[in-house]
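Undergrad:
In full-length UniProt numbering, the protein residues as written are 1 to 339.
Next comes the structure, spelled out in structure tokens:
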């Protein structure tokens, strides 16, 4: 595929070192927005956080400042892009760099019909040279890392040889870091939710890929729920990525820095995390926002202890009729004392 080389990037952001991908939280639509990421950063200083997938069309034709907005506290932070037009992806990668993101990631894993119709996501596994062209265009446009998140295959192209062809082709375009969701994607007949559960996990396939491409950084994604599992997978892979577990049970991240990055700082408690989030919530309310925009992401703090159900009720049901939302937040915080 022929395309013009993008103009040299103009980066007004401070230079950042390449982020560690030893532990990361997956990009998740409707979940990993800027408020969620600010909250998760309170639990771990070292985890690499990803945005929701943002399409090139949304950035090029919409309010790109709204999509790219983030708090400096969120770093290290990566922008995940959805698209398949090299020039468009290059332009969006430049936006990401200019807005201070530490990495740009290309989505080659989302199986929804909507993105398939726009040649975005998992369907691109059937077009390895196009993905390579996209990666090269982005790498030519920016100095920050360009990475790819993909499945181990799609229906009709799910052999190991085809996976090797995909990774090898994209590697030849200069990509050195691949996050592998260790399931195939079924592009017809299964919903995105079903595609996260029904195709079986094949950690063995991802491990074989790491063995055959030892020079590449291979990060494992899919079905990981505990730090014990993270430790086990890190014996084989260069990094681990948690998705739904990090959202539904965010306190799993509280010991990430100590267990996976060697931090000697004390483990933050649930109560301390919510207390540190309070000024951020207050500022959001003062700016005209709703507390629910933020607290919907912290409901998972209320798991596994007496009063947890009441905590969740306060911040998911009662919040919509509260005249003084911060007073309600303080009431919920009392349930976390000592936890």
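Built from N, CA and C at the ideal position, the CB exists for glycine as well.
Helix, strand or coil for residue 174? Go by DSSP, reduced to three states.
TA: Stepping through the chain shown from its first residue, residue 174 is reached at position 174. Three-state result, residue 174: coil.
Undergrad: Among 52, 322 and 331, whose alpha-carbon lies nearest the alpha-carbon of residue 271?
TA: The count along the chain shown starts at 1 and reaches residue 271 at position 271. Ranking the options by Cα distance to residue 271, first place goes to 331.
Undergrad: What's the C-alpha gap between residue 123 and residue 84?
TA: Locating residue 123 in the chain shown gives position 123, where the first residue counts as 1. Locating residue 84 in the chain shown gives position 84, where the first residue counts as 1. Rounded to whole angstroms, residue 123 to residue 84 spans 10 Å at the Cα level.
Undergrad: Residue ranges of each beta strand (DSSP E) run of no fewer than 3 residues wholly in the stretch 30-58, ordered along the chain?
TA: Entirely contained in the stretch 30-58, the beta strand (DSSP E) runs reaching 3 residues are, in chain order, 48-55.
Undergrad: Closest Cβ-Cβ distance between residue 37 and chain B: below 8 Å?
TA: Absent from the structure is chain B; it holds one protein chain and no more.
Undergrad: Compute the Euclidean distance between the alpha carbons of residue 295 and residue 70, then round it to the nearest angstrom.
TA: Sequence index remark: in the chain shown, residue 295 carries index 295 (1-based). Sequence index remark: in the chain shown, residue 70 carries index 70 (1-based). Spanning the two alpha carbons is a distance of roughly 17 Å.
Undergrad: Could you name each continuous alpha helix (DSSP H) segment of 4 residues or more that falls completely within the stretch 278-332, going from the start of the chain to the end?
TA: Within the stretch 278-332, the complete alpha helix (DSSP H) runs of at least 4 residues are 292-295 and 308-316.
Undergrad: Ignore the nearest five residues each way along the sequence and tell me which others in residue 102's own chain have a CB closer than 7 Å to its CB.
TA: Locating residue 102 in the chain shown gives position 102, counting from the first residue. If we look at residue 102 and ignore the five residues flanking it on each side, its Cβ neighbours are 16, 19, 75, 76, 77, 78 and 144.
Undergrad: Straight-line CA distance for residue 177 to residue 210?
TA: Here the question's residue 177 lines up with position 177 in the chain shown. Here the question's residue 210 lines up with position 210 in the chain shown. Cα to Cα, residue 177 sits roughly 11 Å from residue 210.
Undergrad: In three-state terms, what does DSSP make of residue 70?
TA: On the chain shown, residue 70 is found 70 positions in, with the first residue counted as 1. In this structure, residue 70 counts as coil in the three-state DSSP scheme.
Undergrad: Between the alpha carbons of residue 220 and residue 313, how many angstroms are there, rounded?
TA: Reading the chain shown from its first residue, position 220 is the one you call residue 220. Reading the chain shown from its first residue, position 313 is the one you call residue 313. So the two alpha carbons sit approximately 34 Å from each other.
Undergrad: Give me, in chain order, the residues of the same chain whose beta-carbon lies closer than 8 Å to that of residue 1; leave out the 5 immediate sequence neighbours on both sides.
TA: Taking the chain shown and counting its residues from 1, one reaches residue 1 at position 1. Confidence at residue 1 is low in this model, with a pLDDT of 40, below 50, so the placement of that residue should be treated as unreliable; the coordinate-derived value is given next. 86, 129, 130 and 133, listed in sequence order.
Undergrad: If we ignore side chains and look at the alpha-carbon of each, how far apart do residue 297 and residue 41 end up?
TA: As a first step, residue 297 must be located in the chain shown, where it is residue number 297. As a first step, residue 41 must be located in the chain shown, where it is residue number 41. Approximately 12 Å, taken between the alpha carbons.
Undergrad: Determine the extent of the alpha helix (DSSP H) in which residue 231 is found, giving its start and end residues.
TA: Start at 1 with the first residue of the chain shown, and residue 231 comes out as number 231. Element bounds for residue 231: 227-233.
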